[in-house]
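Read the structure below first, then the notes.
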Amino acid sequence: MILSLLYTNNRYEVVAYFNYQSQKTTIYNKKKKVHKKKNTEYIGDSTIIYQNPEDVKISGDNTNNLIYIYLESFENTFLDTENGGIKNVNCLPELTELAKQNTNFSNTDQLGGALPFTGTTWTIASMTSQFTGLPLKVEVANDMDKQNRFMPGAKTIGDILNENGYIQELMIGSQKEFAGTDKLFLQHGFDKISDISSLKKQYSIRKDDLNQWGLKDYKLFELAKNELTELSQKGKFNFTMATIDCHMPQGFLCKYCPNTYENRYENIYACQSKLINSFIDWCKSQSWYENTTIVLVGDHPTMAQQYVNDVPSDYQRTTYNCFINSKVTTDQIKNRQFTHMDMYPTTLAAMGFNIEGNKLALGTNLFSELPTIIEKYGQDYINEEVQKSSEYLDKNIYQFN
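The following block contains the structure:
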C-alpha cells in the first residue's frame, strides 16, 4: 500500500497539487500601463505574463480562412533522429516534408514543437489551451461536461472569428458531449458541431468505418471534404477538426495502415501521415486554398506508454506543429520554448490578424519578436504559478457552477 501511494504521488504529483492549491497567484490580475512610442509599431511588453484579450485591439484586412486540425497524440518522437525524433526509420515522412516546406516552430534546431505544460496535456485541455491561451484547471480531467458553461469569461479564437463574421464548424468522429467539447465550442462562437451522431444521420456510415470512439479517421477526412465544400460557399470560414486513431492505449488500425514498421503504433502514425497529407493535397486543389491558413497541431504527447518506453531520458518529447499558408513569416522558428497556449495568438497572426502587443491570455505570438512567458520567466516558475489558485480566474474566467 505504501509503495502504491508513493507511486501514485510520483506519477500524478498529488501532494504538490494540494500544496499549490493552498497558495494563490497574482499573475492574472497584475495591471501594467502600456507605454507606446510615437510613430512606431508597438510590438509588446515581454514582462507582461497575462494579457486580458478583452483589452487588446485585434484587427485585420483580407484575413484568411482557417482550417485547424488537432492531431490526437501526435508527437515528434516518431520522427527519425535526423529530423528530431528517436526512430531509425521516419514514421511520418509526409508530415516531415510538410513541416520543412512550411513553418514549424521547434524547441531544437531540428523539427520540434510545444513543451508539455500543466493543464494542457490531455485532449480537452489541449483544445482549451490552444483555443483560449489558458490551461484547463479542473478537479477531474474530463468533467467539464458537468458544468453549465465552459469558461464563460474567456475570449477565444472562436469568439474573435465570430466577431469578424466567420462561419465556424467543428468536426469530430466522437460524441460532442464528451468532456464538454460541445460547450467549449458552441458557447464560444461556433455555429455547428458535426459529431458521430449527426454524421450517422447525414451520411452512410458502415460498421467498418467505426471504432470504439466513433469514426475512423480515413472516413472523417472523407466526410470533411463534403463539409468544407459546403462551408466554403457561405463566406469566410473556420473549419476545425480532431483526429482519433492514435488514441491510447493501442491506437486504431484501419484498412489503409501499412505493416512495414516495427510496431502497431508506428504503422498507425505512418497511416495518419499519408491521410493528412492527402487531405492537404485535396485542399490545394480547391478554389479557396490560396486564402486559407491550415494549422496542424498535435494535441498532447501519446499516453500509450508501451510505445514510448524506449525514449531516452534526456530527450524532450514535444508535439507536432505546422503552419501552412501563413500570411506572416519569421526567422525565429528554431530553439524556441513555448506551449500550446501560444497557439492562440500565433494562429490569428498566421491568418493575417494584427494583435496589438502580440499577447493574448498566457499566449505569445510566435511570429513576433517577443519571447514567450516561459522563455522570459522559465518554465518552472510559470508552471508553479498556474498550478496555484487564482481568485481572478475563478471569478472572471471559469465561473464554475
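For the sequence shown, the tail end lands on 427 under the working numbering, and the numbers increase by one without skipping.
We put the beta carbon where it would ideally sit given N, CA and C, even for glycine.
As the structure is a prediction and not an experimental result, all values here were calculated from the model.
Applying the 10 Å Cβ sphere with the 16-neighbour rule, what's the burial state of T73?
Counted from its first residue, the sequence shown places residue 73 at position 47. That one is exposed.
Cα-Cα, which of T365, L92, D336 is closest to P161?
Mapped onto the sequence shown, residue 161 falls at position 135. Considering only T365, L92, D336, the residue with the shortest C-alpha distance to P161 is T365.
Could you give the first and the last residue of the continuous beta strand (DSSP E) run that contains M197?
On the sequence shown, residue 197 is found 171 positions in, with the first residue counted as 1. That run of the beta strand (DSSP E) goes 193 to 198.
Taking the straight line between their C-alpha atoms, what separation do you get for L301 and Y244?
Counted from its first residue, the sequence shown places residue 301 at position 275. Counted from its first residue, the sequence shown places residue 244 at position 218. For L301 and Y244, the distance between alpha carbons rounds to 7 Å.
Simplified DSSP state of D340, which is helix, strand or coil:
The residue labelled residue 340 in the question sits at position 314 within the sequence shown. Coil at D340, not helix or strand.
Which runs of the beta strand (DSSP E) fall wholly inside the segment 60 to 140 and span at least 3 residues, in chain order?
Whole beta strand (DSSP E) segments, 3+ residues: 91 to 97.
Whole beta strand (DSSP E) elements within the segment 202 to 283, 3-residue minimum
218 to 220, 263 to 268, all fully within the segment 202 to 283.
Let me make sure I understand the geometry here. Which of M329, S155, P178 has the alpha-carbon closest to that of A140?
Position 114 of the sequence shown holds residue 140. Comparing Cα-Cα distances from A140 to each of M329, S155, P178, the minimum goes to S155.
Hey, how far is the Cα of T319 from the Cα of L32?
Position 293 of the sequence shown, counted from the start, is the residue given in the question as residue 319. Position 6 of the sequence shown, counted from the start, is the residue given in the question as residue 32. Cα atoms of T319 and L32: separation of roughly 47 Å, rounded to the nearest angstrom.
Own chain, CB closer than 7 Å to T158, minus 5 neighbours either side, in chain order:
For the purposes of this step, residue 158 is taken as residue 132 along the sequence shown, with counting starting at 1. For T158, same chain residues with a beta-carbon under 7 Å away, outside a window of 5 residues either side, are M177, A180, T182, Y370, A387 in chain order.
Here's the rule: buried if 16 or more other CB atoms are within 10 angstroms of the residue's CB, otherwise exposed. What is I75?
Here the question's residue 75 lines up with position 49 in the sequence shown. Classification of I75: buried, given that the 10 Å Cβ count is 16 or more.
Just tell me which of I198, A125, T89 has its CA closest to the CA of E248.
For the purposes of this step, residue 248 is identified with residue 222 of the sequence shown, where counting begins at 1. Here the closest residue by C-alpha is I198.
Between the alpha carbons of A375 and F349, how many angstroms are there, rounded?
Residue 375 sits at position 349 when you count from the first residue of the sequence shown. Residue 349 sits at position 323 when you count from the first residue of the sequence shown. Straight-line Cα distance between these residues: approximately 11 Å.
How many angstroms separate the CA atom of L279 from the CA atom of K83?
Translated into the one-based positions of the sequence shown, residue 279 becomes position 253. Translated into the one-based positions of the sequence shown, residue 83 becomes position 57. Answer to the nearest angstrom: the Cα atoms are 46 Å apart.
Run the CB neighbour count on P327, radius 10 Å, all protein chains shown included, and call it buried at 16 or more, exposed below.
Stepping through the sequence shown from its first residue, residue 327 is reached at position 301. The residue is buried, with at least 16 neighbouring Cβ atoms inside 10 Å.
Using a Cβ-Cβ cutoff of less than 6 Å, which residues in the same chain neighbour T149 once the five nearest sequence positions on both sides are dropped?
Taking the sequence shown and counting its residues from 1, one reaches residue 149 at position 123. Around T149: D325.
Rounded to the nearest angstrom, what separates N264 and L29 at their Cα positions?
By 1-based counting over the sequence shown, the position of residue 264 is 238. By 1-based counting over the sequence shown, the position of residue 29 is 3. Those two C-alpha atoms are separated by around 49 Å.
Return the chain-ordered list of same chain residues with a C-beta closer than 6 Å to the C-beta of S132, the five sequence neighbours on each side being excluded.
Taking the sequence shown and counting its residues from 1, the one referred to as residue 132 is at position 106. Contacts found: G138, K360.
Less than 8 Å between the CB atoms is what I'm expecting for I193 and K260, so what's the real figure, rounded?
Working through the sequence shown from its first residue, we reach residue 193 at position 167. Working through the sequence shown from its first residue, we reach residue 260 at position 234. With 8 Å as the limit, I193 and K260 qualify as a contact, their Cβ atoms being about 5 Å apart.
Let me check understanding here. Comparing Cα to Cα, which of E67, N90, Q49, S85 lies closest to V321?
Against the sequence shown, residue 321 aligns to sequence position 295. Distances from the alpha-carbon of V321 to those of E67, N90, Q49, S85 put N90 closest.
Can you tell me whether N380 is helix, strand or coil according to DSSP?
Reading the sequence shown from its first residue, position 354 is the one you call residue 380. Correct three-state label for N380: strand.
Helix, strand or coil at S304 [DSSP, three-state]:
One-based indexing of the sequence shown puts residue 304 at position 278. It is helical.
Note the first and the last residue of the continuous alpha helix (DSSP H) segment covering L187.
Indexing the sequence shown from 1 puts residue 187 at position 161. Segment 183 to 189, the alpha helix (DSSP H) holding L187.
What number of angstroms, rounded off, separates the C-alpha of F204 from the C-alpha of C297?
In the sequence shown, residue 204 corresponds to position 178, counting from 1. In the sequence shown, residue 297 corresponds to position 271, counting from 1. Roughly 26 Å separates the two Cα atoms.
Within 10 angstroms of the Cβ of R362, are there 16 or more other Cβ atoms? Answer buried if so, exposed if not.
In the sequence shown, the residue the question calls residue 362 occupies position 336. Buried is the label assigned to R362, since at least 16 other Cβ atoms lie within 10 Å of its Cβ.
What span of residues does the alpha helix (DSSP H) with I400 cover, start to end?
Taking the first residue of the sequence shown as position 1, residue 400 is located at position 374. Taken as a continuous stretch (DSSP letters only), the alpha helix (DSSP H) holding I400 covers 399 to 403.
To which residues of the same chain is L212 closer than 7 Å at the C-beta, ignoring the five residues directly before and after it?
Against the sequence shown, residue 212 aligns to sequence position 186. Once the five neighbours on either side are set aside, the close Cβ partners of L212 are I219.
Counting Cβ pairs closer than 8 Å, one from the segment 302 to 319 and one from the segment 334 to 345, do we hit at least three?
Put simply, the segment 302 to 319 does not touch the segment 334 to 345. Fewer than three CB pairs are less than 8 Å apart.
Where Y68 falls, given that 16 or more other Cβ within 10 Å makes a residue buried
Taking the first residue of the sequence shown as 1, we reach residue 68 at position 42. Note on Y68: under 16 other CB atoms within 10 angstroms of its CB, so exposed under the neighbour-count rule.
Going by DSSP in three states, N151 sits in which element: helix, strand or coil?
For the purposes of this step, residue 151 is taken as the residue at position 125 of the sequence shown. Note that residue 151 is Ala in the sequence shown, not Asn. Note: A151 maps to helix in three-state DSSP.
Round the Cβ separation of G70 and N384 to the nearest angstrom and send it over; I've been treating them as touching at under 8 Å.
Start at 1 with the first residue of the sequence shown, and residue 70 comes out as number 44. Start at 1 with the first residue of the sequence shown, and residue 384 comes out as number 358. In this structure G70 touches N384 by the C-beta definition: roughly 4 Å separates them, less than 8 Å.
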